[in-house]
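Here is the structure we will look at, set down as structure tokens.
Number of protein chains: 2
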Amino acid sequence: MADIKFEIKQTIGTLSESPKGWKKELNLISWNDKEPKYDLRDWDSEHKKMGKGVTLNAEELKKLRDLLNCIEL
Amino acid sequence: MADIKFEIKQTIGTLSESPKGWKKELNLISWNDKEPKYDLRDWDSEHKKMGKGVTLNAEELKKLRDLLNCIEL
């Protein structure tokens, strides 16, 4: 992971925080200088270490929003 | 990954499908016989191979829904 270049363009929000300070966040991130994508993953408090996650484009995020609005949570 | 036991309890929806047939899905999955969690990741067409992803509990998914309803997509 060490050599992946990334830049967090926008922090959209935090979903949760663990006792150790890791946060599950939705961000807009540019990976390796490419076009920014939405990204859902865990981060340490300094945004230096990251956990596994998924990247999503706007279309996928819209479908996710529509799904979440249809189910009982 | 081969020895992780999982059971897809419910397929909530598909966000996208790649030309090779991989789908980005939101599922309710029990990992290693534990309590099912919401799970967002890529799967091959037979649900045998999986990509990286995130698991979320209901609270995190609610926050995600609320976030997605607040932003312009």
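Sequences listed follow chains A and B, in order. Here the first sequence stands for residues 0 to 72, where the numbers follow numbering that gives the first Met the number 0. Here the second sequence stands for residues 0 to 72, where the numbers follow numbering that gives the first Met the number 0. Glycine residues also receive a C-beta, built at the ideal position from the N, C-alpha and C atoms. Being a predicted model, the structure only gives us computed values, none of them experimental.
Examine chain E for any beta-carbon lying closer than 8 Å to the beta-carbon of residue i, and answer yes or no.
i: Asn31 of chain A; result: Chain labels in this structure do not include chain E; the protein chains are A and B.
By the 10 Å Cβ neighbour count, where 16 or more other Cβ atoms means buried, how is residue i classified, buried or exposed?
i: Ile28 of chain A; result: buried
i: Asn26 of chain B; result: buried
i: Glu59 of chain A; result: buried
i: Gly52 of chain A; result: buried
Name the residue from the options whose alpha carbon lies nearest to the alpha carbon of residue i.
i: Leu72 of chain A; options: B:Asp65, B:Glu71, B:Gly50; result: B:Asp65
i: Phe5 of chain B; options: B:Ile70, B:Asn68, B:Cys69, B:Tyr37; result: B:Tyr37
i: Lys33 of chain A; options: A:Cys69, A:Asn56, A:Asn68, A:Lys62; result: A:Asn56
i: Leu39 of chain A; options: B:Lys62, B:Asp2, B:Lys47; result: B:Lys62
i: Trp30 of chain B; options: B:Lys8, B:Pro18, B:Cys69; result: B:Lys8
i: Thr54 of chain A; options: B:Cys69, B:Asn68, B:Leu14; result: B:Leu14
i: Asp2 of chain A; options: A:Glu16, A:Lys48, A:Ile11; result: A:Lys48
i: Ser17 of chain B; options: B:Ile70, B:Gly50, B:Thr10; result: B:Gly50
On the three-state DSSP scale, how would you describe residue i?
i: Lys4 of chain A; result: coil
i: Glu71 of chain A; result: coil
i: Lys61 of chain A; result: helix
Legend entry - the region 19-31 of chain B contacting the region 42-55 of chain B, beta-carbon criterion three pairs below 8 Å: The region 19-31 of chain B is in contact with the region 42-55 of chain B.
Inset, instruction - Determine which residues of the region 8-33 of chain A have a Cβ less than 9 Å from any Cβ of chain B, and write them out in chain order. - result: Flagged, chain order: Ile11, Gly12, Thr13, Leu14, Ser15, Lys23, Leu25.
Inset, instruction - Give, in chain order, every residue of the region 40-53 of chain A whose Cβ lies closer than 7 Å to some Cβ of chain B. - result: Answer set for the region 40-53 of chain A: Arg40, Lys51, Gly52, Val53.
Inset, instruction - Taking a Cβ distance cut-off of 9 Å, strictly less, list which residues of the region 56-67 of chain A are near chain B, in chain order. - result: Within the region 56-67 of chain A, the residues whose Cβ lies closer than 9 Å to some Cβ of chain B are Asn56, Ala57, Glu58, Glu59, Leu60, Lys61, Lys62, Leu63, Arg64, Asp65, Leu66, Leu67, listed in chain order.
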